[in-house]
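J.: The opening position of the sequence shown corresponds to residue 1043 in the numbering used here, with each subsequent residue numbered one higher. Where is the CB? At the ideal position from N, CA and C, for every residue including glycine.
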Amino acid sequence: MASFFNKGFGRKRESLSSDRIPPGQYETYDFPVLTAGPTPRIPLTTWSFALEGLVEAPIQWSWEQFNALPKQSFTTDIHCVTKWSKLDTHWEGVSIETLLEHVDLKPEVRYVMAYSYGDYTTNIPLDDLRLGKAFIGINFEGKPLAPEHGGPARLVVPHLYFWKSAKWIKGLRFMESDKPGFWERGGYSMYGDPWKEQRYRTDD
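1) Can you tell which of 1150, 1237, 1135, 1159 has the C-alpha that lies nearest to the C-alpha of residue 1198?
2) Which value, in whole angstroms, describes the spacing of the CA atoms of residue 1131 and residue 1074?
3) Tell me whether residue 1240 sits in a helix, a strand or coil according to DSSP, three-state version.
4) What are the partner residues of residue 1097, as DSSP defines its beta bridges?
5) Are residue 1225 and residue 1210 close, meaning C-beta to C-beta below 7 Å?
6) Taking only runs that begin and end inside the segment 1099-1144, name each unbroken beta strand (DSSP E) of 3 or more residues, in chain order.
7) Short of 8 Å in beta carbon distance, which residues of its chain neighbour residue 1181, apart from the five on each side in sequence? Order them along the chain.
8) Any chance the segment 1098-1112 sits against the segment 1156-1173, with 3 or more Cβ pairs inside 8 Å?
9) Take the Cβ of residue 1069 as the centre, count every other Cβ of all protein chains shown within 10 Å, and call the residue buried at 16 or more, exposed below.
10) Within 10 angstroms of the Cβ of residue 1087, are there 16 or more other Cβ atoms? Answer buried if so, exposed if not.
11) Going by beta-carbon coordinates alone, are residue 1165 and residue 1220 separated by less than 7 Å?
Below you can see the structure in the form of structure tokens.
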């Protein structure tokens, strides 16, 4: 299994919101940087995002086109499998539900593979992206999302461990059957529910 590259795991603090911290997690002020390799630097002039796979007609947006889509503000807690949790993070981006208005999914779709610049992938059930549960974040705490945190855009799926929130997102591929992504092939959970401590495949 590949190992994480990191610049620190954050500073622990006594949590006043223990009901919002999943089992085995601690709250941090920081936003630790955790990646499986070098940080891609994607010029906005060449960036694109696609919806493909089991759709009637694939669609792709340039950065300019993507930024013209309706945006929303999101305040959410995030939880990393390395055991830190960060509460009340503030994002701006485009909800997956908004993106799905632009494609017709085939009826057999049940799963999605998120894929990124840098060849990272992670699998997610379709239902875990719908109904306001996930979004593509482009701004964090009022500023453009930094490359080390997945900028210019990353998937954010707050209710799952944060490795499911693919950095440097390039597209979503819709599938009938579940398939493991990068960390899942290395033994991580296929689902990744922090409240059930589904860190590894043996926890599923």
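T.: Walking through what the data contain:
1) Start at 1 with the first residue of the sequence shown, and residue 1198 comes out as number 156. Measuring from the Cα of residue 1198, the nearest candidate turns out to be 1135.
2) Locating residue 1131 in the sequence shown gives position 89, where the first residue counts as 1. Locating residue 1074 in the sequence shown gives position 32, where the first residue counts as 1. When rounded, the distance between both Cα atoms is 13 Å.
3) The count along the sequence shown starts at 1 and reaches residue 1240 at position 198. In the structure shown, residue 1240 sits in coil (DSSP, three-state: anything other than H, G, I, E or B).
4) In the sequence shown, counting from the first residue as 1, residue 1097 sits at position 55. In DSSP, residue 1097 forms a bridge with 1147.
5) Start at 1 with the first residue of the sequence shown, and residue 1225 comes out as number 183. Start at 1 with the first residue of the sequence shown, and residue 1210 comes out as number 168. No, these two residues do not count as a Cβ contact at 7 Å.
6) 1101-1104, 1114-1121, 1126-1137
7) The residue you call residue 1181 lines up with position 139 of the sequence shown. For residue 1181, where only same-chain residues beyond five positions count, the Cβ hits under 8 Å are 1133, 1134, 1135, 1187.
8) no
9) On the sequence shown, residue 1069 is found 27 positions in, with the first residue counted as 1. Result: buried.
10) On the sequence shown, residue 1087 is found 45 positions in, with the first residue counted as 1. It counts as exposed.
11) Taking the sequence shown and counting its residues from 1, the one referred to as residue 1165 is at position 123. Taking the sequence shown and counting its residues from 1, the one referred to as residue 1220 is at position 178. Yes.
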